[in-house]
Each structure stands twice: as structure tokens, then as C-alpha cells.
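Going down the list, the sequences are from chains A and B.
Position 104, counted from 1, in the first sequence is what the numbering used here calls 104; the numbers after and before it change by one each time, with no gaps.
Position 214, counted from 1, in the second sequence is what the numbering used here calls 1214; the numbers after and before it change by one each time, with no gaps.
Beta carbons are placed, not taken as given, at the ideal position from N, Cα and C, and that holds for glycine.
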Amino acid sequence: MTAWIYCLLVLLISLTFILLRVIFCLPFCRLQDVGPVLDEPFSVLVLLGSGGHTGEMLNILSQLDHKFRYSFIVQSNDESSVLRLEKSKVKGTVYTVPRARNVGDGILRSVQGTLKCWLGTMKVLLFDKKLKQGNIPSVLLVNGPGSCVPLAYSIVILNILGVANTRIIYMESLTRVNELSLSGKLLYLVADRFVVQWPELAQKYRRTEYHGILV
Amino acid sequence: MSSRDWNISIWVLLLRTTEETIQPMKSVLVTGGATVTFVALLQLTLNEKFIFALKKNNFDKLIIQYGTQPTGESLFLSLIDRLTNQDYNKSQLDQIYNIKLKDGFLIQGLSFDTDFVKNYTSKVDLVISHGGTGSILDTLRAGKKLVVVVNDTLADNHQLELTEKFAEREVLGYCKKNTVEELIDQVNQVESRQFKRLAPSKGKIVQDVILNKIIKS
């Protein structure tokens, strides 16, 4: 009988610790944002999605003059993103992962594809030597293609496990004026910083911030 | 009326006419996106009524960018055929169609140009465009007047929302419905109106967000 009680006690204590860890890691539970992060050169992981998102992302990155070390994740069917990246003045390592889904795929194929894509991304994140040189990237920068949701949540889990210490920065697309995109809503609570491009959105959502049109 | 009065009124008349002729002629650019052809936009602008309205507003050049799809080129040519029976030629050098109407009005057509903003947007006086983000921003940042015709044939479309938001900020004009009359009305309004300048892009602030230099306001 006492053995059972001990077991329960140990279980309860470990659950409390896990819960505390989760709370500690989730940005919306934090009272204030952490101060400047100092591990230079700063490594930034960028997800390039479909046309419009890639365009906005590269437009914003080309305006930055701080020397970040960029890594890009591109899906294997997205040659146009790679081409646009090559044309722009932003430089960094490109990692290709399997495509999540093709237009017109059924549910089963979509799930299968998304899983493959996620596994590929994890492989890059955890085992790629070049990326590991400076640890797992300090910052994940995404701006809303569908594939950013599984990636961001994987990072959250890695953060909770203590494998990574990556801040997630989400930038909403300029086309979103009155309502967050689905990706935005899904990442609203787990993103450390959430930048929108219209003041109306910033008024509506407490955690977002508005600094003007970024693109 | 004395002969002196007559003299004066003739002078006034002469002055007025010269003033009018001295006004520089203007050009307008129509752009519907790089790849997919925006059919309605081409139909609205390669239109007798619309070109007449352009002439009344002192325009003498209409440039149409019809997209890289082959259907775009054939639509452009068929609309030109309906408009005029004049010959056209396509220059071998830059792949641009040139059609000169009898009264000197020039229509040009091109599929797309990789240096579009530099070669076209920045050289015209007025742009008529679809409601795509890139197109709107490029035009406004080039400091050009803009009338937006929203492409309502696209799936998952935010063009209308986005255009309305920009219109609220008084930086552009847009057609509430896609008819020639509305487009002409908008062009007339835009021509007689001063717009606000769009603020330059604030993308650099993302750097401070990444480095956590600014705290959320």
C-alpha cells in the first residue's frame, strides 16, 4: 500500500515540475520579455513558404543591416523561393525539406506529406552539423505560411525539453488587416514577439505589436 | 464693343490655348500582376470610352502589362483588334507592341519586365493596378498616383480588404465596382486630387525585435 502512495507522490511531483517547466517556457506566461540576448553572431532560422510570404520575408530581411547568421528552410517543391533568395542580397545556408503537400492532395496524402516534412525539418534542426555549429538557432523568424505551424510547435517542445533555447518571432502578412491568419492564431500564444502591420490588429490583439508597415 | 476690347479678348483666347498646349502630355500604366492575366482589367482599359476619357485628361500614352501567360497576349491582341483596325508591330529588341491610333494616342503592350518599377512604374504619371500588395507598394513608393481595380476572381482573396485599408489612409483611389464608368470616374477624381505620401517601410525595426532592443509598445 505504501509503495502505491510513494509512486503517486513521485508522479505528482514530477508532473508539477513538468508543468512548471512548461509555464516557464511559454511566452504568454512570462511577466516581461527577456532582455537582450548576447550570443553573437546571432543565428536566425527563417522559414520560406509560398510566393507572397517569401516576397515579404526577403523584403524585410534585405532592410536589416545587422550581421545575423541566416539559415533558411525551403520545401523541396519551392524552387521559386530559392531563386528569389539567390537574387536578393540576403545570404545564408539553405536547407531543403520534403514538401508538405501538393495542391489537390487528399487528406491521407496531406497528413503523410506533412509528417515527412516535419521529420525532415527535425532532422535538420537536431542533426545538421552546419546548423549545430552555433547551437540550435537563437531565433526562429516566420511570417505565416502553413508549414510554419508544425515547425514553431516543434521548437516550443524542444524549448520545454531544454534542448533548444530559441525565441519565436512571428510577423503577420500585410494582407491581414482586420483578422489574424490561421497560422497567426495558432501561434499567437507561443510566439515570443508577434509583429503585425496594421494598427487595427494591434488594438484587437493584446500580445501583438505594431511598428508601421514593414515591407 | 470697341476694337481695343476685341483685341484684348483675342489675346486672352490665344493665351488660353497656348496654356493648354503647353501642358505636358501624360502616360498611364496598367498592370495586372506578373503571371496571371487579370482579364477584367484589360477589358476595362482597352476600351473606347476609357481611352476617350484618358485623352480628355491629357494622356497620350497607355501602357498595358498583360502577364506572362500566353492567354494574356492573345487577349491583348484581340482587344486591340476590336479597338482599331490599325497595324501593330512588335519590336524585336524589347518585345513590346506599339499601336499608334490616328489621333496620335499611343498604346503599348508588354508581358512583363524584370526591372518593372525602374523601367515603367517610375516613368509614368498614373498607374492602374490590381490590388496586390507588391503592386500597390511599388507604385506608392515610386510616388505615383494610383487607381486600384480589385481582382475578385482570385481564391482566398484579401485584395479588397487591403485596398480599402489603404484608401482609408488617403494614399490611393479604387473602383467600388468593376465597370468602365466607375474606372473613368476614379481616374477623373484621382487626377484632380492630392494624395498623402505613404510612409517608408519600417522593416529595419525587425532587427531590434530580434535583438530584443525594443520592448513591445
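Look at residue i and residue j and say whether their C-beta atoms are less than 7 Å apart.
{"i": "Ser147/A", "j": "Ala191/A", "result": "no"}
{"i": "Glu209/A", "j": "Lys1216/B", "result": "yes"}
{"i": "Leu1062/B", "j": "Val1028/B", "result": "yes"}
{"i": "Ile1064/B", "j": "Val1030/B", "result": "yes"}
{"i": "Val1039/B", "j": "Gly1067/B", "result": "no"}
{"i": "Val1171/B", "j": "Lys1196/B", "result": "yes"}
{"i": "Ser43/A", "j": "Ser138/A", "result": "yes"}
{"i": "Val1190/B", "j": "Asn1047/B", "result": "no"}
{"i": "Gln1207/B", "j": "His66/A", "result": "yes"}
{"i": "Ile168/A", "j": "Ala152/A", "result": "yes"}
{"i": "Glu172/A", "j": "Val196/A", "result": "yes"}
{"i": "Val163/A", "j": "Leu186/A", "result": "no"}
Can you name the residues of chain A whose CB is closer than 8 Å to the CB of residue i?
{"i": "His1130/B", "result": "Ordered by position in chain A, no residue passes the 8 Å Cβ test against His1130/B, which lies about 13 Å from the chain."}
When you compare the CB of residue i with every CB in chain B, is at least one pair closer than 7 Å?
{"i": "Gly212/A", "result": "yes"}
{"i": "Glu79/A", "result": "no"}
{"i": "Arg99/A", "result": "no"}
{"i": "Thr203/A", "result": "First, the amino acid is wrong: residue 203/A is Gln here, not Thr. Chain B contact via Cβ: absent."}
{"i": "Ile168/A", "result": "no"}
Does residue i get closer than 7 Å to chain A when you measure Cβ to Cβ?
{"i": "Glu1168/B", "result": "no"}
Please classify residue i: does DSSP put it in a helix, a strand, or coil?
{"i": "Gly1134/B", "result": "helix"}
{"i": "Leu1154/B", "result": "coil"}
{"i": "Asp192/A", "result": "coil"}
{"i": "Tyr153/A", "result": "helix"}
{"i": "Asp1208/B", "result": "helix"}
{"i": "Leu120/A", "result": "It is worth fixing the name first, because residue 120/A is Gly in this sequence and not Leu. Helix."}
{"i": "Gln1095/B", "result": "coil"}
{"i": "Leu1062/B", "result": "strand"}
{"i": "Arg84/A", "result": "helix"}
{"i": "Met171/A", "result": "strand"}
{"i": "Ile1107/B", "result": "strand"}
{"i": "Glu1170/B", "result": "coil"}
{"i": "Val223/A", "result": "In the structure as shown, chain A begins at 1 and stops at 215. Residue 223/A is therefore absent and cannot be evaluated."}
{"i": "Gln1043/B", "result": "helix"}
{"i": "Glu209/A", "result": "strand"}
{"i": "Tyr6/A", "result": "helix"}
{"i": "Gly1203/B", "result": "coil"}
{"i": "Arg69/A", "result": "strand"}
{"i": "Val163/A", "result": "coil"}
Against residue i, what residues of chain B qualify as contacts under a CB-to-CB distance less than 8 Å, listed in chain order?
{"i": "Thr171/A", "result": "The amino acid occupying residue 171/A in the given sequence is Met; Thr does not appear at that position. Near Met171/A (Cβ distances below 8 Å), the residues of chain B are Val1206."}
{"i": "Val46/A", "result": "Those do not exist, as Val46/A stays about 11 Å from chain B at its closest Cβ, beyond 8 Å."}
Using a Cβ cut-off of 9 Å, pull out every chain A residue sitting near residue i, in sequence order please.
{"i": "Thr1084/B", "result": "Neighbours of Thr1084/B on chain A: none; closest Cβ ~36 Å, over 9 Å."}
{"i": "Thr1133/B", "result": "Gly52, Gly55, Glu56, Ser173, Leu174, Thr175 and Val215"}
{"i": "Lys1144/B", "result": "In chain order: nothing, as chain A lies at least about 17 Å away."}
{"i": "Leu1154/B", "result": "Those within 9 Å of Leu1154/B in chain A number zero; the least Cβ separation is about 12 Å."}
Using the beta-carbon of each residue, which ones in chain B are nearer than 7 Å to residue i?
{"i": "Leu85/A", "result": "Within chain B, no residue comes near Leu85/A; the closest Cβ sits about 16 Å away, beyond 7 Å."}
{"i": "Val139/A", "result": "Ile1210"}
For residue i, return the contacting residues in chain A, with the cut-off set at a CB-CB distance below 7 Å.
{"i": "Lys1165/B", "result": "Val177 and Trp198"}
{"i": "Leu1160/B", "result": "Within chain A, no residue comes near Leu1160/B; the closest Cβ sits about 10 Å away, beyond 7 Å."}
{"i": "Leu1137/B", "result": "Val215"}
Problem set entry | Residues within the segment 1190-1213 of chain B neighbouring chain A, beta-carbon criterion of under 8 Å | Taking 8 Å as the Cβ-Cβ cut-off against chain A, the residues of the segment 1190-1213 of chain B that qualify are Leu1198, Ala1199, Ser1201, Lys1202, Gly1203, Lys1204, Ile1205, Val1206, Gln1207, Val1209, Ile1210, Leu1211, Asn1212 and Lys1213.
For this session: Below 8 Å between beta carbons is the criterion; list the residues of the segment 179-199 of chain A that meet it against any residue of chain B, in chain order.
Result: Listed by position, the residues of the segment 179-199 of chain A near chain B (Cβ gap below 8 Å) are Arg193, Val195 and Trp198.
For this session: Identify each residue in the segment 59-76 of chain A for which the Cβ-Cβ distance to at least one residue of chain B is less than 9 Å, and report them in chain order.
Result: Identification of residues in the segment 59-76 of chain A having a C-beta nearer than 9 Å to some C-beta of chain B yields Asn59, Ile60, Leu61, Ser62, Gln63, Leu64, Asp65, His66 and Phe68, given in sequence order.
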